[in-house]
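Peer 1: Numbering (our numbering), first residue to last: 84 to 166.
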Amino acid sequence: MSAAPTTYQVAHRAYVQSLYRRSLKLSLDWYIRHDLWRQKALEIRAQFDENKNITNPRELETIFAKTEQQLAEFAHPDPYRCK
84 MSAAPTTYQV
94 AHRAYVQSLY
104 RRSLKLSLDW
114 YIRHDLWRQK
124 ALEIRAQFDE
134 NKNITNPREL
144 ETIFAKTEQQ
154 LAEFAHPDPY
164 RCK
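#1: Can you tell me whether DSSP reads histidine 159 as helix, strand or coil?
#2: Beta-carbon separation of histidine 159 and aspartate 118 under 7 Å?
#3: Determine the DSSP secondary structure at alanine 86, reduced to helix, strand or coil.
#4: Assuming the contact rule is C-beta atoms closer than 8 Å, leucine 154 and serine 106 should be a hit. Round their C-beta distance to whole Å, please.
#5: Nearest-angstrom Cα distance between valine 93 and glutamine 100?
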């Protein structure tokens, strides 16, 4: 039987999911056509999968900071909002 997840693990998972979701939503601002966006979504997933086995907190902090910076950098000046 596995142990219950710690508060840190729960918070970490929620934060990574938030980064992933924000990345996907941001890419929708740049790729309106779904077929083009799907390729970008696969690239984003591959980037997250590359780092999923990293456990070093310092390395994770660096990756998180880099991802946050990229999200701010690639923010669309006139985001597309579907209704």
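Every residue, glycine too, gets a C-beta built ideally from N, C-alpha and C.
Peer 2: Put simply:
#1: Per DSSP, reduced to three states, the secondary structure at histidine 159 is coil, with no helix or strand assignment.
#2: At least 7 Å separates the beta-carbon of histidine 159 from that of aspartate 118.
#3: Three-state DSSP puts alanine 86 in coil, outside helix and strand.
#4: Contact holds; Cβ gap of about 7 Å.
#5: Those two C-alpha atoms are separated by around 11 Å.
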